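Worksheet for the structure shown next.
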Amino acid sequence: MKTTKRLLLIFASSVALIGCTTTSRVAIAKAEDVKGYPSMGSVRSTFPLGGLFKNLTYSIALDNALEKAEKMGATHFVPDEGSCPAFFAIPETASGTAYRQQSSTNTPFVR
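Mapping of the sequence shown onto this note's numbering: residues -9 to 101, in sequence order.
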């Protein structure tokens, strides 16, 4: 019994630390918010543990997807329609499409 409690404590602590490490600057958006932005491609991230910790583990998977999108040069991420926390889903997956907002310096000057 003590071993099980100890393992659960270690798991909860490690998941909490992993969940706090995101530094992504990619915005989560709706499809209508990124109309006209070029697609950078699909992004998918999976966290191996789900189950009862569905919101936390999905959040970790989503943070990883945002970091992948940022490495692709994206400024926005639109999650797929079915990408959401799932009760007892093992593993937990976040997926969507990365988009890059055009810089205002690329806009032609109009007099």
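Glycine is no exception: its CB is placed at the ideal position from the N, C-alpha and C atoms. This structure is a prediction, so every number in the text was calculated from the model and none was measured.
Per DSSP, reduced to three states, the secondary structure at residue 16 is coil, with no helix or strand assignment. A contact is defined here as three or more CB-CB pairs under 8 Å, and the stretch 42 to 52 fails this definition with respect to the stretch 19 to 29.
The beta-carbon separation of residue 73 and residue 58, rounded to 13 Å, does not stay under the 8 Å limit for a contact. Counting along the chain, the unbroken alpha helix (DSSP H) around residue 47 starts and ends at 44 to 61. Here DSSP, grouped into helix, strand and coil, assigns residue 21 to helix.
The alpha-carbon separation between residue 16 and residue 56 amounts to approximately 6 Å.
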